[in-house]
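Asks:
Residue numbers (our numbering), protein chains in the order written: chain X, 810 to 1482; chain A, 31 to 207; chain P, 52 to 156; chain R, 20 to 509.
1) Grouping DSSP H, G and I as helix and E and B as strand, with all else coil, what is residue 23 (chain R)?
2) Looking at residue 335 (chain R): is its Cβ nearer than 9 angstroms to the Cβ of residue 114 (chain R)?
3) With the cut-off set at 9 angstroms, would you say residue 106 (chain P) and residue 58 (chain P) are in Cβ contact?
4) Does the segment 861 to 876 of chain X come within contact of the segment 1117 to 1125 of chain X, defined as at least 3 CB pairs closer than 8 angstroms?
5) Within the segment 59 to 131 of chain R, note down every full alpha helix (DSSP H) run reaching 4 residues or more, in order along the chain.
6) Using a Cβ cut-off of 9 angstroms, pull out every chain P residue sitting near residue 118 (chain A), in sequence order please.
7) Name, please, each residue of chain A whose Cβ falls closer than 8 angstroms to the Cβ of residue 1440 (chain X).
8) Measure the beta-carbon distance from residue 341 (chain R) to residue 283 (chain R) and round it to whole angstroms, keeping in mind my assumption that it falls under 8 angstroms.
9) Could you please give the first and the last residue of the uninterrupted beta strand (DSSP E) stretch that includes residue 875 (chain X)?
10) So what does residue 493 (chain R) bridge to, in DSSP terms?
11) Do residue 989 (chain X) and residue 1046 (chain X) have their C-beta atoms within less than 9 angstroms of each other?
12) Which same chain residues end up closer than 8 angstroms to residue 993 (chain X) when comparing Cβ atoms and leaving out the 5 residues on each side of it in sequence?
13) To the nearest angstrom, report how far apart residue 44 (chain R) and residue 108 (chain R) are at their CA atoms.
14) In chain P, which residues lie with their C-beta within 8 angstroms of the C-beta of residue 1468 (chain X)?
15) Within 10 Å of its beta-carbon, does residue 154 (chain A) have 16 or more other beta-carbons around it, so buried, or fewer, so exposed?
16) Strictly below 9 angstroms CB to CB, what residues from chain A border residue 57 (chain P)?
17) If you run the structure through DSSP and keep just helix, strand and coil, what is residue 347 (chain R)?
18) When the Cα atoms are used, what is the spatial distance from residue 591 (chain R) to residue 36 (chain R)?
19) What are the start and end residues of the alpha helix (DSSP H) that includes residue 1341 (chain X)?
20) Assign residue 409 (chain R) to one of two classes, buried (16 or more other C-beta atoms within 10 Å of its C-beta) or exposed (fewer than that).
21) Within the same chain, show all residues whose beta-carbon is closer than 6 angstroms to that of residue 146 (chain R), passing over the 5 residues directly before and after it, in chain order.
22) Tell me which same chain residues have a C-beta within less than 8 angstroms of the C-beta of residue 1229 (chain X), skipping the five on either side of it?
23) If you drop the 5 nearest sequence neighbours on each side, which residues of the same chain put their C-beta closer than 7 angstroms to that of residue 1249 (chain X)?
24) Pull up the CB-CB distance for residue 963 (chain X) and residue 1109 (chain X), whole angstroms please, since I reckon it's below 8 angstroms.
25) Thinking C-beta only, is residue 445 (chain R) closer than 9 angstroms to residue 1418 (chain X)?
26) Quick check on this structure: which residue in R:128, R:206, R:417 has the alpha carbon closest to the alpha carbon of residue 338 (chain R)?
27) Looking at C-alpha atoms only, which residue of R:501, R:412, R:507 is the closest neighbour of residue 480 (chain R)?
28) Considering only C-alpha positions, which residue in the set X:1087, X:1371, X:824, X:840 is nearest to residue 1030 (chain X)?
29) Residues of chain P with a CB under 8 angstroms from the CB of residue 1465 (chain X): which are they?
30) Straight-line CA distance for residue 1264 (chain X) to residue 1173 (chain X)?
31) Pull up the distance between the alpha-carbon of residue 405 (chain R) and that of residue 214 (chain R), whole angstroms please.
32) Can you tell me whether residue 493 (chain R) is buried or exposed, with buried defined as 16 or more other CB within 10 angstroms of its CB?
33) Please list the terminal residues of the continuous beta strand (DSSP E) segment that includes residue 888 (chain X).
34) What would DSSP say about residue 227 (chain R), mapped onto helix, strand or coil?
35) Are there 16 or more other CB atoms within 10 angstroms of the CB of residue 823 (chain X), so buried, or fewer, so exposed?
36) Residue 169 (chain A) versus chain P: which residues are under 7 angstroms apart at the beta carbon?
In structure tokens form, the structure reads like this:
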């Protein structure tokens, strides 16, 4: 039945091509770099075409659903299927596009890395998992791909596994997201047991028509939100995402900003009716996402690693999306604002990361102060595109971010309590500030940035320099490790690869790296104007779009306020080059220490998991259980030894004893007669 | 004077002789275990065995009595004598007796004695209904080679094995010459 | 009833012999004395057999044959025991049973 | 249960194949190294082929007991040679076949007393096959003991770290277990009034409740020792550590399943009321094992100890599934037996390769192995991910089924077990990180990676895991044919 239906065939191809690419590369071709790359590219290009084909030609007003039995036990039935509706098709397009662009970009970025083949295998695994996640029809199937995405993330973060911090970050990411997924899984178990179906469409319609008991809706929504918190890095388990920047930069762009972390928000939109049916759940979401937004924006203000800045920015924007969704859920709005922001964010954040990747690749450092002093602004294309992306991030007209932020703030404005709106605006202000802090530092480098250099906090990934260029002034080499991010750049420089592009820079940017930048910049520019059509696509009709000028003005002024402050602090000639926050050293230190969240979790892990449970159980195992058994064994041996003292080898005593007993027993027996 | 007159009847003589035999047996046995000189023990044993042989005469078995003297007194006691000569010299000073051990032994023996006495007293000894009266040595020999031939064979085998075994043990294993 | 015509007489005599032998086995130190005591015990058993044979058994040959068997066994036992004693003496330079404690636990 | 006799004695052949191999080995010279291994491989391969055949050829629509062979053996005691295949044991026969086949391949490099080693290994596997296929309690126990005893010698002679202690401990534990099993079996035998050891017939007897309770608890603890039910698990990590590679594989992969299978096959099957009475205890012990195993595993530094404790945890999942007494739970439990068997076999064979080279299993001393031997490391990492419950592997499905069933029947225990998954992931990844990632230890730089031939058994194991991870229905539909009547009969 499958092969004749082109839509189904497309879905199947989408899932199985990357899968077979992964298997092929991992088993056979991982030693052959070019071949592996080719396989992986083929396996990602076809889904890309399918995605755009679906987007433009397929009518998904009525969701297209395919279901096959995957596992049929008694009560547990897991179908394998595809659900194509506007929500999934749009995400499908986003994922396929960015995934493809990143694969192209990685040709340049990862060129010459000894693990090139493995890298592409892992990317294929990610593509498989993410695409499967997006178009899956059942929640359990979604969960499976969700876990696979986590696996891919683990493998890619720890890609440079020789480095302790990388492998540690990979582990952290996997375990922390798993921590949230446990909640997700429990939610699914509850749904299975008390509702009976995990089909997304069924669950949503049941929530809409109140077929589900309210307690179940709230419980399962909250539990599922645990998973979302893990994957989308919401407070308090956001700590893995900044660390995940240990992975190669294209991976950060693909997984840890544009697509994978957005999977949480995607799930929130997927189950929007379910969540919207429970005011409690939505309030929790709103609170948590607001905390996340503020927390990560403030940390982003003080980070010195360019990837850290964008990482915290990602966390805050994810919080922003969740805010939009929850506000919409509480105020009977639509899922559009949050989802729209997801879309635009995917474009401009991927762009930010890829641009940063170019700088990192070029300068062999993650520290944007060093990049600035070494003439980062001379790389024209990346500099231009990163500025565009930062403008979008800050929410400046006419870039995409402006429209989507506007939509979310609109949703927040519908809430009866205006505090959320104020907090959202404050978040937007901070966002603009930290984004332009980076941009201004890069654009207008100063001679010396001593403060942030000498005070790199222990957890930030302090730049290490092994590059051919000498260390910049004031740069302290405080990390013994060779930063692997520097490696590709280094080799790239030596091999002289990347010639033949129309660039006047001495080292230049290979076209495979600049092409994705340009494409994404294009998206960032045009996406804003697609708001209407996208809304129509997603919701079926375009809501009447009345512009609230008060909100518009305040939002834009917040953004410009942030930019202006950044200009004042970092950009203008003679700026002090210290953040305004340094006037409150306590607070600054608090932000630099990332609100002590890492410390908290480390403490939690060491004290409870390793310290109390693990140690106590191990002690119990060694001493009590094992000791008990050994004690039984030893007491057996001991009592045998004790008894053996009777064995004096004095035969006559033994005999005497025997005789006495026998005679005694005999007499006793005879007396009784 | 029933007692004295009775003493000189055939039964009386037989009884008196029987008492004498019993006395010899017990006296010999006592010497065999109580004397401190090992050689006296052997002589006591011989005496006791002679007494036992006398008892066998009273039990209508002159052949067995003869055998008793022949084998026990004639063979075993002599063998023991050799063993004494081959082992510890007699002139060595003897360690003092262990009172406690002797007390224990007396208790053990006494208790066993009591037990066996009780056993004898409490048992109803009934003779077989039909009893043959054929006590001749011929019959004994006949039975030994027909009905009880197995015992005969086993005795032979046992003696052979014992002989070989004692040679092997006494010559001190494979190593010594 | 005459003394020598009573089963009990013999039985009591036998157990007296047995008890004396047992005492010897339990009290004596010398292995040879032990052997002598064992011979007494065996004789006690022989007397029993002969007495039963005389007073109770259906056929008089059986007890005699058993007694003969016991004699042979005793002879064999004596031979073996004596050779063991000799060997032991060679090894331990003593025939005191209290010194032969190699099997002590 | 309907019984379908067979035209050809497949099961007897499967059982006898290692016996024949072992007999041939007896007549081979110690020096003929290659021949010895080849004979063992062929006999193991034959068993595997037959196991696959029965797995595939089992008619799911027909159901019941198939490939049945039944001969009276000792009529007076009611002992029958009665073997058959149904959904319950078909996966386990397949598991045994795969593990012994790969186990022989894994030990291809063995140099020390090759002949004796393979003889004992084949003897052991005969016992295992026997336990899984027989439906007569007498033979069941006989084979059970056959499977247990060679383990002692295998560990004692070819083992490593504290092998005397481990071998002794293992044997004593298992013998203590047997000491509980025999009275249980005999209690049922004597009170049935049928004078038969035939389990299918005994199933028809309605034992009085107290007998069921007593017999069940005896057999549960007796077999539970082998299934490493908490707190009788301490022999298993010690034993795994001491045992040579293939024995660890067989031991953790197959032998522990004997215990859980026997709980299902004998205890639950014959004493359903006893099961109902004791199931709360079962669930408690199982959950304790799950939680406990991961936490203790977190503190271990020896690779094999880590795996040992992960086995304790995973066997807890098996036990939890059994304790639910629902179709889903039993499906999951049996599936988990299979999946865990393959997974641990993979674990141990990967560790065995590394240990043979580096002569250390300390996770801190190793390190960066991915750089030195990427393929060997990939095997271990795959197993670790499987152990952490990553989808796409067989054990994911098994755990899914068990957990859903468990939450339904025992909400608290079920949720606790699910929560333990986080720690499970943490401890699997901790080991992977410390010993396979980071900077390589220069001491081990010169070691070579797995050769394709030695990689073959590991690839077979991974392939099996992934196959059943992608197509769980192949397994579950088969298991279900037996589990559904099983539950109805209870």
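Note that CB positions come from ideal geometry on N, CA and C, so glycine has one too.
These numbers come from a predicted model, not from an experiment.
Replies: With the given structure in hand:
1) Reading the fourth chain from its first residue, position 4 is the one you call residue 23 (chain R). In the three-state reduction of the DSSP assignment, residue 23 (chain R) falls in the strand class, which pools E and B.
2) In the fourth chain, residue 335 (chain R) corresponds to position 316, counting from 1. In the fourth chain, residue 114 (chain R) corresponds to position 95, counting from 1. Against a cut-off of 9 angstroms, the Cβ pair of residue 114 (chain R) and residue 335 (chain R) comes out as no contact.
3) Numbered from its first residue, the third chain carries residue 106 (chain P) at position 55. Numbered from its first residue, the third chain carries residue 58 (chain P) at position 7. Contact: yes.
4) Judged by pairs of C-beta atoms under 8 angstroms, the segment 861 to 876 of chain X does not touch the segment 1117 to 1125 of chain X, as fewer than three such pairs exist.
5) If one requires a minimum length of 4 residues, the alpha helix (DSSP H) runs lying completely within the segment 59 to 131 of chain R are 109 to 125, in chain order.
6) As a working note, residue 118 (chain A) is residue 88 in the second chain. Under the 9 angstroms cutoff, chain P gives 81, 83, 140, 144, 145, 146, 147.
7) Start at 1 with the first residue of the first chain, and residue 1440 (chain X) comes out as number 631. Simply none; closest approach about 38 angstroms.
8) For the purposes of this step, residue 341 (chain R) is taken as residue 322 along the fourth chain, with counting starting at 1. For the purposes of this step, residue 283 (chain R) is taken as residue 264 along the fourth chain, with counting starting at 1. Between residue 283 (chain R) and residue 341 (chain R) the Cβ distance is about 6 angstroms, and since that is below 8 angstroms, they are a contact.
9) Walking along the first chain from the start, residue 875 (chain X) turns up at place 66. Segment 873 to 881, the beta strand (DSSP E) holding residue 875 (chain X).
10) Residue numbering aside, residue 493 (chain R) sits at position 474 when the fourth chain is read from its first letter. According to DSSP, residue 493 (chain R) bridges with nothing at all.
11) Numbered from its first residue, the first chain carries residue 989 (chain X) at position 180. Numbered from its first residue, the first chain carries residue 1046 (chain X) at position 237. The beta carbons of residue 989 (chain X) and residue 1046 (chain X) sit closer together than 9 angstroms.
12) Reading the first chain from its first residue, position 184 is the one you call residue 993 (chain X). Scanning its chain for C-beta atoms nearer than 8 angstroms, with the 5 sequence neighbours on each side dropped, one finds around residue 993 (chain X) the residues 952, 955, 1032, 1033, 1035, 1036, 1037, 1039, in chain order.
13) Counted from its first residue, the fourth chain places residue 44 (chain R) at position 25. Counted from its first residue, the fourth chain places residue 108 (chain R) at position 89. The straight-line gap separating the alpha-carbon atoms of residue 44 (chain R) and residue 108 (chain R) is approximately 29 angstroms.
14) Along the first chain, read from residue 1 onward, the residue named residue 1468 (chain X) stands at position 659. Within chain P, the C-beta atoms nearer than 8 angstroms to that of residue 1468 (chain X) come from 73, 77, in chain order.
15) Start at 1 with the first residue of the second chain, and residue 154 (chain A) comes out as number 124. With fewer than 16 other Cβ atoms within 10 Å, it is exposed.
16) The residue you call residue 57 (chain P) lines up with position 6 of the third chain. Scanning chain A for C-beta atoms nearer than 9 angstroms to the C-beta of residue 57 (chain P) yields nothing, as the closest lies near 10 angstroms away.
17) Translated into the one-based positions of the fourth chain, residue 347 (chain R) becomes position 328. In this structure, residue 347 (chain R) counts as helix in the three-state DSSP scheme.
18) The first residue shown for chain R is 20 and the last is 509, placing residue 591 (chain R) beyond what the model contains.
19) For the purposes of this step, residue 1341 (chain X) is identified with residue 532 of the first chain, where counting begins at 1. Membership of residue 1341 (chain X) in the alpha helix (DSSP H) is indicated by the continuous run 1340 to 1348.
20) The residue you call residue 409 (chain R) lines up with position 390 of the fourth chain. Buried, by the Cβ-count rule.
21) One-based indexing of the fourth chain puts residue 146 (chain R) at position 127. Excluding the 5 residues flanking it on each side, residue 146 (chain R) has same chain C-beta neighbours closer than 6 angstroms at 162, 165, 166, in chain order.
22) As a working note, residue 1229 (chain X) is residue 420 in the first chain. Here the set comprises 1095, 1099, 1132, 1136, 1221.
23) Numbered from its first residue, the first chain carries residue 1249 (chain X) at position 440. Excluding five sequence positions before and after residue 1249 (chain X), the CB atoms of its chain that fall closer than 7 angstroms to its own CB belong to 1375, 1376, 1379, 1380, given in chain order.
24) Locating residue 963 (chain X) in the first chain gives position 154, where the first residue counts as 1. Locating residue 1109 (chain X) in the first chain gives position 300, where the first residue counts as 1. At roughly 25 angstroms, the Cβ-Cβ gap does not stay under 8 angstroms, so residue 963 (chain X) and residue 1109 (chain X) are not in contact.
25) One-based indexing of the first chain puts residue 1418 (chain X) at position 609. One-based indexing of the fourth chain puts residue 445 (chain R) at position 426. Yes. Within cutoff.
26) Working through the fourth chain from its first residue, we reach residue 338 (chain R) at position 319. When each option's Cα is compared against that of residue 338 (chain R), the closest is R:417.
27) Position 461 of the fourth chain, counted from the start, is the residue given in the question as residue 480 (chain R). Nearest C-alpha to residue 480 (chain R) among R:501, R:412, R:507: R:412.
28) Position 221 of the first chain holds residue 1030 (chain X). The shortest C-alpha separation from residue 1030 (chain X) is found at X:1087.
29) Working through the first chain from its first residue, we reach residue 1465 (chain X) at position 656. At a C-beta separation below 8 angstroms, residue 1465 (chain X) has these neighbours in chain P: 77.
30) Numbered from 1 along the first chain, position 455 holds the residue referred to as residue 1264 (chain X). Numbered from 1 along the first chain, position 364 holds the residue referred to as residue 1173 (chain X). Because residue 1264 (chain X) carries a pLDDT of 42, less than 50, the predicted location of this residue cannot be relied on, and the following value inherits that uncertainty. Each residue's Cα considered, the two are about 20 angstroms apart.
31) Along the fourth chain, one-based indexing puts residue 405 (chain R) at 386. Along the fourth chain, one-based indexing puts residue 214 (chain R) at 195. Each residue's Cα considered, the two are about 46 angstroms apart.
32) Mapped onto the fourth chain, residue 493 (chain R) falls at position 474. Result: exposed.
33) The count along the first chain starts at 1 and reaches residue 888 (chain X) at position 79. DSSP places residue 888 (chain X) in the uninterrupted beta strand (DSSP E) bounded by 886 to 893.
34) Here residue 227 (chain R) refers to the residue found at position 208 of the fourth chain. Note: residue 227 (chain R) maps to coil in three-state DSSP.
35) What you label residue 823 (chain X) is simply residue 14 of the first chain in a count that begins at 1. Under the 10 Å beta carbon count, residue 823 (chain X) is surrounded by 16 or more other beta carbons and is classified as buried.
36) Sequence index remark: in the second chain, residue 169 (chain A) carries index 139 (1-based). Residues of chain P with a Cβ closer than 7 angstroms to the Cβ of residue 169 (chain A) are, in chain order, 112.
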